[in-house]
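For reference, each letter of the sequence shown is one residue, going 2 to 192 in my numbering.
Ideal Cβ positions, reconstructed from N, Cα and C, are used throughout, including at glycine.
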Amino acid sequence: MHKLSIATLAVALGLLLAGCEAIGPGQPQDPAVASLKGTNLAFETVCMPVILDGADFVTLARSKMMVAMEPHARGTAKSSHAFRLGLTGVTASMWADGSCAVGAQLGDSEQLKAQMLASLMRHGLVMTQGVAGYPAVNDGVAAVYCSPDTSPLILAVTTPASKSSKSPAMIATLYRAVDRASDFCPRSTGI
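What follows is the structure, encoded as structure tokens:
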């Protein structure tokens, strides 16, 4: 007979709760709502602290009961770490270039994108739209948002080109540019 430790049970319960929050007896959580909440959790409590404060990605992801998974591929690059949040379809990845990405399989793309921008605004980071509407991989459309800093904070958001696309609902990548010479952000003459 196998014995389960209290820690194992706590982790399993955490994953279950992260994957679907109870909204009433016998009523399952809407997958799009779970995705929206999970995306917000991964972006605000994992990616933002990593990029803004230099926090440790793996430590934060594990503290949010995220489960390690096989790293993602982006062109020829591979993420250094990837985690998923329960059964929500939400992932978070740390890339070798210092960027942190959150992906959501389900949900309203525009609502997910607005949530990312609102998260940054709540932390005093006003983002201005840079390049928008250019084709992205996986039949997607990309938009870039930039802070006015000398080394701008950049949020690149990829959404499906059409509602019938099999692409993820959204992939948001947050990173700090090395200098203000980014081709994606509008140039300010005052900096």
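Residues of its chain near Asp54, where Cβ-Cβ distance is below 6 Å and the 5 sequence neighbours each way are ignored: Within the same chain, Asp54 has no close Cβ partners at all.
Per DSSP, the bridge partner or partners of Arg85: DSSP output for Arg85 lists Val68 and Thr92 as bridge partner(s).
Counted within 10 angstroms of its Cβ, other Cβ atoms place Val127 as buried (16 or more) or exposed: Val127 should be labelled exposed.
Spatial distance of Phe44 from Pro72 (CA atoms): Their Cα atoms are separated by approximately 18 Å.
Assigned secondary structure, Thr151 (DSSP; H/G/I helix, E/B strand, else coil): Assignment of Thr151 by DSSP, reduced to helix, strand and coil, places it in the coil class.
Per-residue burial, Thr159 [other beta carbons within 10 Å of its own, 16 or more giving buried]: Only buried fits Thr159, as 16 or more other CB atoms lie within 10 angstroms of its CB.
As assigned by DSSP and simplified to three states, the class of Pro169: Correct three-state label for Pro169: coil.
Where the beta strand (DSSP E) through Ala102 begins and ends: According to the DSSP assignment, Ala102 belongs to the beta strand (DSSP E) that extends over Cys101 to Ala105.
Where Ala35 falls, given that 16 or more other Cβ within 10 Å makes a residue buried: With 16 or more other Cβ atoms within 10 Å, it is buried.
Helix, strand or coil at Lys164 [DSSP, three-state]: In this structure, Lys164 counts as coil in the three-state DSSP scheme.
The stretch 108 to 119 touching the stretch 163 to 181, judged by at least three CB pairs closer than 8 Å: These segments touch.
Cβ neighbours of Ala97 in the same chain (closer than 6 Å, five flanking residues each side left out): Closer than 6 Å at Cβ, skipping near neighbours: Ser81.
Three-state secondary structure (DSSP) of Val132: Residue state, collapsed to three classes: strand.
Nearest candidate by alpha-carbon position, reference Leu156, set Ala69, Met117, Leu42 and Pro50: Taking the Cα of Leu156 as reference, the smallest distance to any Cα among Ala69, Met117, Leu42 and Pro50 is reached at Met117.
Extent of the continuous alpha helix (DSSP H) to which Glu111 belongs: Note, Glu111: alpha helix (DSSP H), Ser110 to Arg123.
Buried/exposed call for Val179, threshold 16 Cβ in 10 Å: Its Cβ having fewer than 16 others within 10 Å, Val179 is exposed.
Buried/exposed call for Arg123, threshold 16 Cβ in 10 Å: Under this definition Arg123 is an exposed residue.
Secondary structure of Val179, DSSP reduced to three states: Val179 falls in the coil class under three-state DSSP.
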